[in-house]
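Student: Okay, handing you the structure first.
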Amino acid sequence: MRVVIAEDLALLREGLVALLRENEIDVVAQVGDGPDLLRAIAGHRPDLAIVDVRLPPTFSDEGLRAAIEARRRQPELGVLVLSQYVETAYASELIGENTAGIGYLLKERVGDVRAFLDALQSVAAGGTVLDRQVVTQLLATREGARDVLSSLTGREREVLELMAEGRSNTAIAESLFVTPGAVEKHITSIFAKLDLAACDEDHRRVLAVLAYLRVAR
Amino acid sequence: MSEQAQLPAGVSGGREARSRPWMPTLAQGLSVGEYIRSVMFRLAALIAVLLSAIWALDGQGYFWPAWAWLGLGVPLMLDRTASWAWRHPPGAVRRVACVWALVSVGAVILILTWLLTWLLAGVQTFWPAWALLGLGTAGSAYSLFALHDRVLVAHGRRALRARVEALTRTRTEAVDAQAAELRRIERDLHDGAQARLVALTIQLGRAELRVEREPDLRGLIHDAQREAHRAIAELRDLARGIVPPLLADRGLVAAVGSLAARYGLGTSIRSDTQGRLAPAVERAAYFVIAEALTNTAKHASATRSWVQLSAEPGCLVVVVGDDGRGGADPEGSGLAGLRARVEALDGRLTVLSPVGEGTVLEVGIPCVS
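Order-wise, the sequence lines are chains L and R.
Take the first sequence: its position 133, counted from the start at 1, is 594 in the working numbering, and no numbers get skipped.
Take the second sequence: its position 254, counted from the start at 1, is 337 in the working numbering, and no numbers get skipped.
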């Protein structure tokens, strides 16, 4: 997998690069701002861009805008946006009309290396990965969302958040220290409560959750 | 000398005489008062002329009609000076003008009387001197007494206005400086401690992968990582409390939307504001709404809550309401803090919270949009 990184803080950029290279991911370019990101993408044609939301010169949402522009120019490009905070407003803008190949995670999720690498693979392959905080916020925004959320058990809610992150049933089971069978039961129950038909693929499940949230919004 | 007493009457009569030599009429556009006045002047002039004629026919001698002229001239002078004094604005200034009108009439009478006694009776000493001095002193004393308040108050007012202007300017500067400073602190946190902790979790993650076959070490690293995550989350909340990133990036409406979503109250948000407001105004409005929604979530047991932002000329009006149990204490520490925040921007905050009928908080913040 060929990756471009857009991150202005050297400390984080170097940490990311080291982590990716150790795991046989090819970092083809490291840039510090939006315009350089667009040039690097045009020059290297990577599979994935990892972009910090806050980049110079404005240090507000420069990275998000650059990521949206990068996807407009190159729709097959996977974009994983990292941030110190997540906002559903940004998630909606990033997703736009096309949920394929989108990721939006809190920066500290990188520390959970296996999950992070899974997320990278998933986004590069056209999947959707959303931070569990985004999902919580999306659910909370919905009219009557409290009813839906209160109908989920604590464990079901954890499972839903992990699903939204693009984790497989096995990964969810490992993360929660339960058997894959138990996870499947939770998922079936969640889909029943949210009135969704179950699907096989991870990213489809996220899409279904998203579609449901969008329609209800 | 004869001219002195007669001239004013002559001038007044002559002006009317141009169109109608002997008598003015109301048809000339005069008010009733002016009409009576000009009739009186003509009568005075007529009497003066008649008395002079009688003196001439009577074999002349001591020119006694001069005294009559003086007597007839007094009402005329009073009329002139009174109408001059009345042109001043009501209050102390007009009162002072009236006093000076009387003083000057008195002075003129004294001087003319002295002139007559000098010319007709040969009196040598200037006897009115002390009387004139008294009149002048009395007039000046009265003026000082009547106007000193005014002079002092005007000075005090000017000083006060300058002070208010200075305070307003420096406070605005302080509020703006504070907003900039908070933004800097938030950025320092973001680029400093937060970034460092994220870098730490990345290193810990890498270490964790390398020691997979050593469960003890792996558990240790995992714990360290969890601590780092907690620190990151705490710093994020802290940074959000200083400058909510969405507020800084996208403005009030977006930030309030995100805020309401986090409370999960199903808050409806309406706004007719356009564009961005001053950072200090946005911050104040944001924290008012945040505090109000916190109260709603904690205490109100509400089924419905709403936020309304409206742009009125020169003012942002924020209304936050719920249909909960009401009874909020307007002097409680939370609301008092909000009031201080709003008043620092010359805004106002009102709370309506009848028991059992919900709470509505309204805030108006002056702004130049």
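Where a beta carbon is used, it is the ideal one built from N, C-alpha and C, also for glycine.
What span of residues does the beta strand (DSSP E) with Glu445 of chain R cover, start to end?
Tutor: Residues 442-449.
Student: Examine the Cβ distances between the segment 464-472 of chain L and the segment 511-518 of chain L and report whether three or more of them are shorter than 8 Å.
Tutor: Judged by Cβ distances under 8 Å, the segment 464-472 of chain L makes contact with the segment 511-518 of chain L, as three or more pairs qualify.
Student: Confirm, please, whether the CB-CB distance from Val547 of chain L to Gly288 of chain R is below 8 Å.
Tutor: For Gly288 of chain R and Val547 of chain L, no; Cβs fall outside 8 Å.
Student: Taking a contact to mean a Cβ-Cβ separation below 8 Å, would you say Gly495 of chain L touches Leu516 of chain L in this structure?
Tutor: Yes, they are a contact pair.
Student: Considering Trp138 of chain R, what are the terminal residues of the alpha helix (DSSP H) in which it resides?
Tutor: Element bounds for Trp138 of chain R: 115-140.
Student: How would you list, in chain order, the residues of chain R whose beta-carbon sits under 7 Å from the beta-carbon of Asp522 of chain L?
Tutor: Within chain R, the residues near Asp522 of chain L are Asp332.
Student: Pull up the DSSP beta-bridge partners for Ala510 of chain L, would you.
Tutor: Note: Ala510 of chain L sits in a beta bridge opposite L:Val465, L:Val540.
Student: Lys568 of chain L versus chain R: which residues are under 7 Å apart at the beta carbon?
Tutor: Val281, listed in chain order.
Student: Which residues in chain L have a C-beta closer than 8 Å to the C-beta of Ser341 of chain R? List them in chain order.
Tutor: Glu548, Thr549, Ala550, Gln598, listed in chain order.
Student: If you draw a straight line from the alpha carbon of Leu435 of chain R to that of Ala423 of chain R, how long is it in whole angstroms?
Tutor: When rounded, the distance between both Cα atoms is 18 Å.
Student: With DSSP run on the structure shown, which of helix, strand or coil describes Ala361 of chain R?
Tutor: In the structure shown, Ala361 of chain R sits in coil (DSSP, three-state: anything other than H, G, I, E or B).
Student: Residues in the same chain with beta-carbon distance under 8 Å from Gly284 of chain R, minus the five sequence neighbours each way, listed in chain order, please.
Tutor: Going by the sequence as given, residue 284 of chain R is Thr instead of Gly. The residues are Gln308, Ala311, His312, Ile315.
Student: Determine whether the beta carbon atoms of Gly564 of chain L and Gly587 of chain L lie at a separation below 8 Å.
Tutor: Not a contact, by the Cβ cut-off of 8 Å.
Student: Below 7 Å between beta carbons is the criterion; list the residues of the segment 346-377 of chain R that meet it against any residue of chain L, in chain order.
Tutor: Those would be Gly347, Gly349, in chain order.
Student: Quick one: is the Cβ of Trp169 of chain R within less than 7 Å of any heavy atom of the ligand SAM?
Tutor: By its list of ligands, the structure shown contains no ligand whatsoever, and the ligand SAM lies outside what it can speak to.
Student: For Arg319 of chain R, count neighbouring Cβ atoms within 10 angstroms of its own Cβ and tell me buried if that reaches 16, exposed if not.
Tutor: Buried, because 16 or more other Cβ atoms sit within 10 Å of the Cβ of Arg319 of chain R.
Student: Would you say Asp494 of chain L reaches chain C, if we count a Cβ-Cβ gap shorter than 8 Å as a contact?
Tutor: The structure shown contains no chain C; its protein chains are L and R.
Student: Whose Cβ in chain L lies nearer than 7 Å to the Cβ of Ile315 of chain R?
Tutor: Ordered by position in chain L, the residues that pass the 7 Å Cβ test against Ile315 of chain R are Glu569.
Student: Spell out whether any CB of chain R is found under 8 Å from the CB atom of Ala479 of chain L.
Tutor: It does: the Cβ of Ala479 of chain L has a partner Cβ on chain R nearer than 8 Å.
Student: Just checking my contact of Val335 of chain R with Leu392 of chain R at CB under 8 Å: how many whole Å lie between their CB atoms?
Tutor: Here the sequence assigns Leu to residue 335 of chain R, which means Val is not the residue at that position. About 7 Å separates the two Cβ atoms, so the contact holds.
Student: Closest Cβ-Cβ distance between Val639 of chain L and chain R: below 8 Å?
Tutor: No, because no Cβ of chain R sits closer than 8 Å to the Cβ of Val639 of chain L.
Student: Tell me whether the beta-carbon of Pro449 of chain R lies closer than 8 Å to the beta-carbon of Gly397 of chain R.
Tutor: For Pro449 of chain R and Gly397 of chain R, yes; Cβs fall inside 8 Å.
Student: When the cut-off is 8 Å and only beta carbons count, does Gly288 of chain R lie next to chain L?
Tutor: For Gly288 of chain R, the answer is yes, since a Cβ of chain L falls inside 8 Å of its Cβ.
Student: Quick one: which chain R residues come within Cβ less than 7 Å of Leu473 of chain L?
Tutor: The answer, in chain order, is Ala278, Val281, Ala282.
Student: Just the chain R side, please: which residues come within less than 7 Å of Gly476 of chain L by C-beta, in chain order?
Tutor: Within chain R, the residues near Gly476 of chain L are Ala282, Ile285, Gln286.
Student: Please list, in chain order, the chain L residues whose beta carbon lies closer than 7 Å to that of Leu329 of chain R.
Tutor: Under the 7 Å cutoff, chain L gives Glu548, Ala550.
Student: Closest Cβ-Cβ distance between Val676 of chain L and chain R: below 8 Å?
Tutor: Any reading at Val676 of chain L needs caution, since the residue's pLDDT is 42, under 50, leaving its predicted position unreliable; the model's value is listed next. So, not an interface residue.
Student: Using the DSSP secondary-structure output, state which residues sit across from Ala490 of chain L in a beta bridge.
Tutor: BP columns for Ala490 of chain L point to L:Val465.
Student: Grab the span of the beta strand (DSSP E) containing Tyr551 of chain L for me, first residue to last.
Tutor: Careful: Tyr551 of chain L lies outside any beta strand (DSSP E), inside the alpha helix (DSSP H) at 549-556.
Student: Closer than 8 Å between beta carbons: that is the criterion. Which residues of the segment 289-302 of chain R meet it against chain L?
Tutor: Within the segment 289-302 of chain R, the qualifying residues are Arg289, Glu291, Leu292.
Student: With Glu291 of chain R as the anchor, note down where its alpha helix (DSSP H) starts and where it stops.
Tutor: Unbroken alpha helix (DSSP H) run through Glu291 of chain R: 278-293.
Student: DSSP three-state call for Asp306 of chain R: helix, strand or coil?
Tutor: Note: Asp306 of chain R maps to helix in three-state DSSP.
Student: So Ser629 of chain L is in the alpha helix (DSSP H); what residue range does that whole segment cover?
Tutor: Careful: Ser629 of chain L lies outside any alpha helix (DSSP H) and carries neither H nor E.
Student: Can you tell me where the alpha helix (DSSP H) with Thr649 of chain L in it begins and where it stops?
Tutor: Start and end: 641-655.
Student: Could you give the uninterrupted runs of the beta strand (DSSP E) lying entirely in the segment 565-594 of chain L, keeping only those of 3 residues or more?
Tutor: Here the runs fully enclosed are 589-591.
Student: Leaving out the 5 sequence neighbours to the left and right, which residues in its chain are closer than 6 Å to Thr196 of chain R when beta-carbon positions are compared?
Tutor: Once the five neighbours on either side are set aside, Thr196 of chain R has no close Cβ partner at all.
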